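This note's numbering applies: residue 4 is where the sequence shown begins, and numbers increase by one. Even glycine gets a Cβ: it sits at the ideal position worked out from N, Cα and C. It should be emphasised that the depicted structure is a prediction, and the values quoted were computed from it without experimental measurement.
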Amino acid sequence: MISIVVPVYKSERTLHRCVDSLLRQTYSDIEVLLVVDGSPDHSAEICEEYAAKDARVRVLYRHNEGVSQARNRGVQAAGGEYICFVDSDDFIEANTCGRMLEIMDAECSDLVIAGFHHIYLGRDVKKCPREEKTYTRQTFPAAFLDLYEDGFLNMPWNKLFKKSLIREGFPHDLNLGEDLLFNLAYLQQAPRITVTQEMFCHYIQEDKKNTLSTRRRADKLEIASRICDRTKAFYRELAGPEADCARIDGKFVKEFLDEVEGLAFDETLTKKEKKQLITSYSRNAYMQAANGPDLWLPALDYRIINHFFRQGKTEGVYVLIYLRKIVVQLVRKIRG
């Protein structure tokens, strides 16, 4: 049996679409664990309605402890040999469970990693791994950097896990990177990993405003630097103590350049606060260590902004991110 764990919080608008996609699975030996995490809307009532109509649905409750604890509760209660995770604002293809299990059985794998549909601002961006292959612990280091760099290891919902190999739950003391750390812990227990280019999950990303305070943004950089260290330690354990981690550093820098570029769209911070954040990011010791002169970034806008960022030219960075904002808004307008 496959246990599908769904954390539920303020999900009344998208919950029907999500749960209906789970109950339409062509593979019937499933259970759906809806973990209501103190949701203040009508999500709990919707979950109970599904449980009353379909014996495969179970409703569990937490007291607003966060998505990690909700997932951990679902794993603990799961009766299935296999676990998959779905977020309550996403939905999956009808063949997801059956096909993922078919791949796992055919390849004698302990983990299946799949592609997915990234739905953002109404556009469906198909995300596929570079290569479809089954790896052992000896051959996986060659694929790890590609999967990490391309963002296939940052989430749990594009994977099929074996419950017996889940030794560590999702860290619940973090608000960033907990999914990646869970996946890294699981990878340490998985002798065989299969990567498929098939796409099952539709990941829905809304254009939400970033309301993090200046203090919390600074904390985010600190947490991200620790997670980057953990990732490099994992990779060196996998590939050897002298393994080159430049691509891991590059992803760290790119993600924080994304943060910097996003400041132009943030309406909650003043111009002064934005410039203070740009300065603090550029002076961060970990950022400086990762962002060496040999670091290569794939996109031209990253390279231009990073040139000023590396030199601590706050005003130049500020002007560039607002020029980029104008271009992005123009492109969106043209696309309609």
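* Asked: Run through DSSP, which three-state label would D57 get?
  -> Counting from 1 along the sequence shown, the entry for residue 57 is found at position 54. D57: coil per DSSP, three-state reduction.
* Asked: Ordered along the chain, which non-local residues of its own chain (more than five positions away) have a Cβ less than 6 angstroms from that of D92?
  -> In the sequence shown, the residue the question calls residue 92 occupies position 89. Counting only Cβ-Cβ distances below 6 angstroms, and skipping sequence neighbours, we find T17 and I207.
* Under the rule that 16 or more other beta-carbon atoms within 10 Å means buried, what is C204, buried or exposed? -> Counted from its first residue, the sequence shown places residue 204 at position 201. By the 10 Å Cβ count, C204 comes out buried.
* For the stretch 212-278, which segments carrying the alpha helix (DSSP H) assignment without a break, of at least 4 residues, lie completely within its bounds, in sequence order? -> 217-242 and 249-265
* Residues near C231 by beta carbon distance below 6 angstroms, same chain, minus five either side -> By one-based count along the sequence shown, residue 231 stands at place 228. Within the same chain, C231 has close Cβ partners F255.
* Local conformation of D23 per DSSP, three classes -> Stepping through the sequence shown from its first residue, residue 23 is reached at position 20. The answer is helix: DSSP assigns D23 an H, G or I state.
* Asked: What residues in its chain sit with their C-beta under 8 angstroms from that of A246, if we drop five residues either side in the sequence?
  -> The count along the sequence shown starts at 1 and reaches residue 246 at position 243. Answer for A246: P144, Y238 and R239, listed in chain order.
* To do: Provide the residue span of the alpha helix (DSSP H) that contains V322, from first to last.
  => In the sequence shown, the residue the question calls residue 322 occupies position 319. Its alpha helix (DSSP H) spans residues T317 to R338.
* Is T199 buried or exposed, if buried means 16 or more other CB atoms sit within 10 Å of its CB? -> Mapped onto the sequence shown, residue 199 falls at position 196. Under this definition T199 is a buried residue.
* Asked: Around the Cβ of G295, are there at least 16 other Cβ atoms within 10 angstroms (buried) or fewer (exposed)?
  -> Position 292 of the sequence shown, counting from 1, holds the residue named residue 295. G295 should be labelled exposed.
* **Contiguous beta strand (DSSP E) assignments of at least 3 residues, all confined to the stretch 146-200** => 162-165
* Asked: Between the C-alpha atoms of V11 and V22, what's the straight-line distance to the nearest angstrom?
  -> Here residue 11 is taken as the residue at index 8 of the sequence shown, counted from 1. Here residue 22 is taken as the residue at index 19 of the sequence shown, counted from 1. Whole-angstrom Cα-Cα distance: 11 angstroms.
* Reduced DSSP secondary structure (H/G/I, E/B, other) of Q28 -> As a working mapping, residue 28 is identified with position 25 in the sequence shown. Of the three classes helix, strand and coil, the one that applies to Q28 here is coil, per DSSP.
* **G69, buried or exposed, once every other Cβ within 10 Å from all chains shown has been counted against 16** => Locating residue 69 in the sequence shown gives position 66, where the first residue counts as 1. The residue in question, G69, is buried, as its Cβ has 16 or more Cβ neighbours within 10 Å.
* To do: Count the other C-beta atoms from every protein chain shown that fall within 10 angstroms of the C-beta of K212, then say buried if there are 16 or more, exposed otherwise.
  => Here residue 212 refers to the residue found at position 209 when the sequence shown is read from its first residue. Here the model assigns K212 a pLDDT of 47, short of 50, so the residue's position is not dependable, and the following value carries that caveat. Classification for K212: exposed.
* Give the secondary structure of R65 by DSSP, where H, G and I count as helix, E and B as strand, and everything else as coil. => Against the sequence shown, residue 65 aligns to sequence position 62. Strand, per DSSP.
* Asked: Can you name the residues that DSSP bridges to S6?
  -> Reading the sequence shown from its first residue, position 3 is the one you call residue 6. For S6, which the question treats as bridged, DSSP gives the partners E34 and I86.
* Just mark D252 as buried or exposed, buried being the case when its beta carbon has 16 or more other beta carbons within 10 Å. => Counting from one through the sequence shown, the residue named residue 252 turns up at place 249. Buried.
* Identity of the residue in E15, I329, I196 and T29 nearest I95 by Cα -> For the purposes of this step, residue 95 is taken as the residue at position 92 of the sequence shown. Ranking the options by Cα distance to I95, first place goes to T29.
* **Separation of A47 from Y123, as counted between CA atoms** => One-based indexing of the sequence shown puts residue 123 at position 120. One-based indexing of the sequence shown puts residue 47 at position 44. The straight-line gap from Cα to Cα measures roughly 27 angstroms.
* Asked: What's the call for E84, buried or exposed, on a 16-neighbour Cβ count within 10 Å?
  -> Numbered from 1 along the sequence shown, position 81 holds the residue referred to as residue 84. Its Cβ having fewer than 16 others within 10 Å, E84 is exposed.
* **Of the listed residues E15, E264 and A188, nearest to Y321 (C-alpha basis)** => The residue given as residue 321 occupies position 318 in the sequence shown. For Y321, the nearest C-alpha among the options comes from E264.
* Neighbourhood of E15 by C-beta, 7 angstroms cutoff - its chain only, sequence neighbours within 5 removed -> The residue you call residue 15 lines up with position 12 of the sequence shown. Here the set comprises D44, H45, S46 and I49.
* Can you tell me which of the three DSSP states H310 falls into? => Translated into positions along the sequence shown, residue 310 becomes position 307. Residue state, collapsed to three classes: helix.
* Asked: Going along the chain, which residues of its own chain have a beta-carbon closer than 7 angstroms to the beta-carbon of V62, five neighbours each way excluded?
  -> As a working note, residue 62 is residue 59 in the sequence shown. Closer than 7 angstroms at Cβ, skipping near neighbours: L37, V39, C50, E51 and A54.
* Between the Cα of E152 and the Cα atoms of R126, V128 and L183, which residue gives the shortest distance? -> For the purposes of this step, residue 152 is identified with residue 149 of the sequence shown, where counting begins at 1. When each option's Cα is compared against that of E152, the closest is L183.
* Which residue's Cα is closest to the Cα of E171: K278, L25, Q79 and S283? -> Taking the sequence shown and counting its residues from 1, one reaches residue 171 at position 168. If we check each option's Cα against that of E171, Q79 comes out closest.
* What is the C-beta distance between M202 and G118, in whole angstroms, given that I count them as a contact (C-beta under 8 angstroms)? -> On the sequence shown, residue 202 is found 199 positions in, with the first residue counted as 1. On the sequence shown, residue 118 is found 115 positions in, with the first residue counted as 1. Contact flag correct, Cβ pair sits at about 4 angstroms.
* **Supposed contact pair I7 and C87 - C-beta distance, whole angstroms, cut 8 angstroms** => Against the sequence shown, residue 87 aligns to sequence position 84. Against the sequence shown, residue 7 aligns to sequence position 4. About 5 angstroms separates the two Cβ atoms, so the contact holds.
* **Bridge partners - K13, DSSP secondary structure assignment** => Taking the first residue of the sequence shown as position 1, residue 13 is located at position 10. Paired residues: none, contrary to the question.
* Using only alpha-carbon positions, find the residue among S285, F259, Q291 and R306 that is nearest to E318. => Numbered from 1 along the sequence shown, position 315 holds the residue referred to as residue 318. When each option's Cα is compared against that of E318, the closest is S285.
* To do: Please confirm whether E110 and T197 have their CB atoms less than 9 angstroms apart.
  => If you number the sequence shown from 1, residue 110 lands on position 107. If you number the sequence shown from 1, residue 197 lands on position 194. In this structure, T197 lies closer than 9 angstroms to E110 by Cβ.
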